[in-house]
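Number of protein chains: 2
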Amino acid sequence: MARVPARERRRQLVDAAFRVIGSEGFAAATTRRVCAEAGAPLAAFHYCFASKQELLAELTAQTMAGLVAARADVHVSGDVTQSLRATLRGYWETVEKDPNRESVLMALTQHALHEPELADVAEQQYAAYHRTARETLEEIADACAVRWTLPIAQLARMLVVVTDGVTLAWLVDRDSDAARAALDAFAHQLAGLAVAAG
Amino acid sequence: MARVPARERRRQLVDAAFRVIGSEGFAAATTRRVCAEAGAPLAAFHYCFASKQELLAELTAQTMAGLVAARADVHVSGDVTQSLRATLRGYWETVEKDPNRESVLMALTQHALHEPELADVAEQQYAAYHRTARETLEEIADACAVRWTLPIAQLARMLVVVTDGVTLAWLVDRDSDAARAALDAFAHQLAGLAVAAG
DNA sequence: GTCTATACACGGATAGAC
DNA sequence: GTCTATCCGTGTATAGAC
């Protein structure tokens with residue numbers, strides 16, 4: 002085995018864990034399996050991480066960051082409906098481009114719900130989603146000169162609910178057309194909650 | 002240990018697995034842990050089930066049946082908005098009454114996505130949700146003398162997306178008020194897709 | 001500082017006693 | 001027909017060689 006600096010090993014192991022969970026599920030992500038995927042010796046694992054949980058926490062943070070970035074990418078174009086639609090479609094492209102990111106995050110979230118050590122990681126994850134959704138809605142309202150007729154926090158949650166719900170359904174049946182149709186419909190629906198700014 | 006007939010043991014074990022997964026997560030549901038929870042000797046497990054997967058399949062089917070029943074409970078009352086709202090609220094009451102049902106199903110679904118043996122169980126689960134949602138929408142349209150302005154399949158998916166999304170968000174932050182507010186808002190939104198029947 | 005070899009507990013599953 | 005005792009693979013983690 003090539004001797005590799007620990008800093009680089011950490012990265013390799015996190016990436017490997019991502020691939021294993023994405024393709025074979027959470028249960029398959031044992032230390033042995035992850036090391037094999039990374040091309041690293043088994044002992045490298047506990048040399049780089051104090052425990053398996055430490056790797057999972059880092060993986061969660063990193064994967065979540067990617068998702069938040071994707072959801073923060075606002076596409077403003079013309080009116081509110083168009084902007085919401087373009088933004089949701091932009092997000093959806095990132096999902097189809099790398100479906101594993103969603104799959105892995107669902108698995109990690111599910112796991113975190115029952116691990117006190119990781120529970121706050123999951124909550125921070127959701128707080129970040131809501132913050133991002135809120136900013137997206139504010140940005141669109143600003144650009145289109147409208148205001149929202151429901152509390153922004155409530156709308157933000159609706160946006161998160163829709164993206165998560167559509168993603169979850171898609172992970173099960175992989176019906177991309179249905180997913181896009183649902184997103185478009187919701188974009189149209191949400192746009193109905195905006196009125197010209199006074 | 003009391004000598005118990007196999008038929009009854011099966012039931013006990015499935016119930017025990019449900020409780021263990023609900024309170025401690027999927028990973029905690031080992032054969033030993035489940036047997037302990039059920040007050041059964043270890044060997045009872047493989048006497049009643051050919052494998053752990055067989056128990057998981059039965060647990061999935063059973064838990065899913067409970068959820069489908071809850072979602073199939075339509076509350077018609079006055080206009081479309083009220084009916085949708087009452088139906089979603091009725092569903093939500095069952096969630097809050099037994100949160101573990103949702104938690105367990107999410108875990109099982111997640112697991113099934115990477116187990117070929119159980120994959121079709123997950124798909125059937127979702128197919129059942131869509132069928133139920135469709136029937137709910139048809140029933141409401143019928144009772145309120147309206148028709149839907151989007152394909153019923155698309156609306157059914159939207160209903161599933163909303164219920165799943167709201168549930169998932171709630172499992173993470175347990176914000177019941179936000180969940181109800183989101184459901185009410187979506188009920189109102191969806192009602193806007195109905196017009197008087199011609 | 002990094003890897004080879006090993007410890008030890010726990011997982012699912014079973015053989016055979018009652 | 002039901003349970004006790006055990007098998008053997010795999011899991012995380014580590015001790016010690018290089």
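Sequence lines, in order, name chains A and V.
Those letters in the first sequence? Residues 2 to 199, by the numbering used here.
Those letters in the second sequence? Residues 2 to 199, by the numbering used here.
Yeah, the Cβ is synthetic: ideal placement off N, Cα and C, and Gly gets one too.
This structure is a prediction, so every number in the text was calculated from the model and none was measured.
Locate the beta strand (DSSP E) running through residue i, then write down its first and last residues.
{"i": "R148/V", "result": "147-149"}
Do residue i and residue j have their C-beta atoms within less than 9 Å of each other?
{"i": "T138/A", "j": "A113/A", "result": "Correcting the residue type first, residue 138/A is Leu in the shown sequence and not Thr. Result no, Cβ atoms of L138/A and A113/A do not sit closer than 9 Å."}
{"i": "R11/A", "j": "C36/A", "result": "no"}
{"i": "V77/V", "j": "A70/V", "result": "no"}
{"i": "L89/V", "j": "L151/V", "result": "no"}
{"i": "V162/A", "j": "L169/V", "result": "yes"}
{"i": "L191/A", "j": "L85/A", "result": "yes"}
{"i": "A108/V", "j": "G26/V", "result": "yes"}
{"i": "A45/A", "j": "V96/A", "result": "no"}
{"i": "A18/A", "j": "L57/A", "result": "yes"}
{"i": "Q111/A", "j": "Q111/V", "result": "yes"}
{"i": "D165/A", "j": "D165/V", "result": "yes"}
Does DSSP put residue i in a helix, in a strand, or in coil?
{"i": "A197/V", "result": "strand"}
{"i": "H112/V", "result": "helix"}
{"i": "R34/A", "result": "helix"}
{"i": "D178/V", "result": "helix"}
{"i": "S84/A", "result": "helix"}
{"i": "R4/A", "result": "coil"}
{"i": "G91/V", "result": "helix"}
{"i": "A142/V", "result": "helix"}
{"i": "D74/V", "result": "coil"}
{"i": "D99/A", "result": "coil"}
{"i": "S52/V", "result": "coil"}
{"i": "P152/V", "result": "coil"}
{"i": "G79/V", "result": "coil"}
{"i": "A41/V", "result": "coil"}
Leaving out the 5 sequence neighbours to the left and right, which residues in its chain are closer than 6 Å to residue i when beta-carbon positions are compared?
{"i": "A146/V", "result": "A198"}
{"i": "Y258/V", "result": "Residue coverage of chain V in this structure runs from 2 to 199, which leaves residue 258/V outside it and unanswerable."}
{"i": "N101/A", "result": "G23"}
{"i": "Q126/V", "result": "M65"}
{"i": "W171/V", "result": "A180"}
{"i": "A51/V", "result": "none"}
{"i": "A7/V", "result": "C49"}
{"i": "L160/V", "result": "A134"}
{"i": "E103/V", "result": "V96, T168"}
Where do the N-terminal and C-terminal ends of the alpha helix (DSSP H) with residue i fall, by residue?
{"i": "G23/A", "result": "7-25"}
{"i": "H47/V", "result": "44-49"}
Once you ignore the five residues that flank residue i on each side, which residues in its own chain have a CB closer than 7 Å to its CB?
{"i": "V75/V", "result": "T88, T137, E140, I141"}
{"i": "Q63/A", "result": "V15"}
{"i": "K53/V", "result": "T32"}
{"i": "V167/A", "result": "A180, A183, L184"}
{"i": "A129/V", "result": "M65, V69"}
{"i": "R20/V", "result": "E38"}
{"i": "V105/V", "result": "F19, I22, G23, T64"}
{"i": "E208/V", "result": "No answer is possible for residue 208/V: the residues shown for chain V start at 2 and end at 199."}
Skipping 5 residues on each side, what residues in its chain have a beta carbon closer than 8 Å to that of residue i?
{"i": "I153/V", "result": "R135, L138, E139"}
{"i": "T82/A", "result": "A188, H189, A192"}
{"i": "A120/A", "result": "A113, L114"}
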